[in-house]
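Read through the structure below, which is laid out as structure tokens, and then see the notes.
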Amino acid sequence: MVIVLGVESTAHTFGVGIVSDEPRILADSRFNYIPEKGGIHPREAADNFIKNAPKVLKEALTQANLDIEAVDAVAVALGPGLGPCLRVGATVARALAAYYGKPLVPVNHAVAHIEIGKMLTGARDPLVVYISGGNTVITALHGGRYRVFGETLDIALGNFMDTLVRELGLAPPYVVGGVHALDRCSEGGKFVDLPYVVKGQDTSYSGLLTAALKAYRSGVRVEDICFSAREIAYSSLVEVAERGVAQLGKKEILLVGGVAASKYLVEKFRAMAEYRNLRIYVVPPKYAVDNGVMIAWTGLQLFKKGVSVEPEKAVVRQRWRLDSVDVCW
Ligand SMILES: Nc1ncnc2c1ncn2[C@@H]1O[C@H](COP(=O)(O)OP(=O)(O)O)[C@@H](O)[C@H]1O
Ligand SMILES: [Mg+2]
């Protein structure tokens with residue numbers, strides 16, 4: 000049995016996961032940094048990661064009932080993400096690997112979101128819709144890489160949603176009881192005209208954000224703004240995904256990343272999938288958001304193919320693109 004410990008620290012979550020190749024999740028320990036106001040402050044997040052890292056690591060080993068010696072490799076998300084945050088995870092992982100003499104496996108965070116989705120749902124050859132706070136990507140595996148068939152031209156869907164509800168005074172917290180403030184506040188809203196932008200296979204949300212906030216300042220009801228902004232943002236994503244499956248001839252669609260935890264967005268995708276006779280897979284909400292398990296799981300596959308890096312060469316890559324990673328497993 001092969002056991003890999005994975006460290007996640009790309010943005011707001013410091014997580015340690017442990018998995019075996021049965022496959023089984025042996026541990027999942029997380030610390031979430033929630034800013035009191037505003038968005039993520041990278042250095043403040045990193046400081047909080049440093050304070051909490053030992054506790055998270057110990058908790059993971061306790062959950063797995065393992066001594067660290069029993070781990071075969073240490074995997075770490077080296078990017079993409081926020082520099083100060085990434086460096087905490089990288090330092091912890093490098094130290095563990097060097098001190099205990101374990102191979103260090105570099106993992107791309109975006110690839111990990113997709114791989115955990117595939118593992119937990121059983122999707123085999125899907126068009127992947129990866130939607131989170133930092134990413135909005137339509138992608139599929141082709142010729143050994145996750146090729147990008149569409150993405151946001153500006154801010155990510157999750158970032159759009161979080162910023163809008165924050166500016167409207169509805170958050171933080173952004174998600175309560177598994178429901179995002181934008182989904183919650185859309186109830187009872189009526190449609191008002193806001194810009195719908197799709198360019199080719201790409202989406203865009205920054206113009207929509209500006210227009211929504213302008214409508215707010217001119218006195219339009221908050222629920223009408225939320226409802227309309229949400230309908231437009233989600234629908235534009237479904238549009239490019241639908242064209243993606245049609246063009247690529249895919250029979251499956253897989254939703255991953257934090258925003259895939261939105262039941263309402265999933266409903267919209269289900270309707271499209273039914274109409275097109277597609278199998279739809281959605282990563283379970285717990286593993287939609289950032290976690291160490293997805294890093295451990297992807298690291299395990301890389302490790303089995305012999306991929307590792309010397310600790311001194313394990314540098315963080317803030318802009319490590321999904322489509323530059325060789326999917327060798
Ligand atoms: N239940 C939910 N419904 C809609 N959006 C959600 C939900 N839970 C989390 N999110 C959003 O997911 C994003 C975080 O995704 P995650 O993959 O954890 O982060 P990152 O983009 O930093 O990698 C945030 O924008 C957050 O608001
Ligand atoms: Mg993420």
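Just so you know, numbering that gives the first Met the number 0 puts 285 at position 286 of the sequence shown, and the rest follows in order with no gaps. Here a beta-carbon is modelled for each residue, glycine too, at the ideal position from N, C-alpha and C. Computed from a prediction, not measured in an experiment: that's the story for all the values here.
- Ligand 2 never approaches serine 8 closely enough for any of its heavy atoms to be under 7 Å from the residue's Cβ.
- Approximately 5 Å separates the beta-carbon atoms of valine 127 and leucine 253; this is inside 8 Å, confirming the contact.
- Shortest Cα-Cα distance from phenylalanine 190 to any of Leu167, Arg229, Leu156 and Arg86 involves Arg229.
- Here methionine 118 is buried, its C-beta having at least 16 other C-beta atoms within 10 Å.
- By the neighbour-count criterion, in which 16 or more other beta carbons inside 10 Å mark a residue as buried, threonine 135 falls on the buried side.
- Under DSSP, aspartate 27 shares a beta bridge with Gly16.
- Distance check between phenylalanine 159 and each of Leu207, Ala139 and Val314 places Leu207 closest, using alpha-carbon atoms only.
- Of the heavy atoms belonging to ligand 2, none sits nearer than 7 Å to the Cβ of glycine 16.
- The Cβ neighbour count for histidine 141, taken over all protein chains shown within 10 Å, is under 16; the residue is labelled exposed.
- Under DSSP, isoleucine 252 forms a beta bridge with Leu126 and Ile279.
- Taking C-alpha positions only, valine 239 is separated from threonine 202 by approximately 8 Å.
- Note that the stretch 152-172 does not touch the stretch 280-289; fewer than 3 beta-carbon pairs, one per stretch, sit closer than 8 Å.
- The stretch 3-11 makes contact with the stretch 38-51, as at least three CB pairs between them are under 8 Å.
- For phenylalanine 159, the enclosing alpha helix (DSSP H) covers residues 156-166.
- The beta carbon of isoleucine 279 lies closer than 7 Å to those of Ile252, Phe268, Arg269 and Ala272 in the same chain, with the five residues before and after it left out.
- Between the C-alpha atoms of glycine 143 and valine 306 there is a straight-line separation of about 15 Å.
- About 15 Å separates the beta carbon of histidine 108 from that of proline 83, a gap too long to meet the 8 Å contact definition.
- At least one heavy atom of ligand 2 lies closer than 7 Å to the C-beta of glycine 257.
- Taking C-beta separations shorter than 7 Å and ignoring five residues to either side along the sequence, the partners of isoleucine 113 in its chain run Val127, Tyr129, Tyr145 and Val255, following chain order.
- A straight-line Cα-Cα distance of about 42 Å links glutamate 309 and alanine 170.
- Between the stretch 258-266 and the stretch 210-227 there are fewer than three inter-stretch CB-CB distances shorter than 8 Å, so the stretches are not counted as touching.
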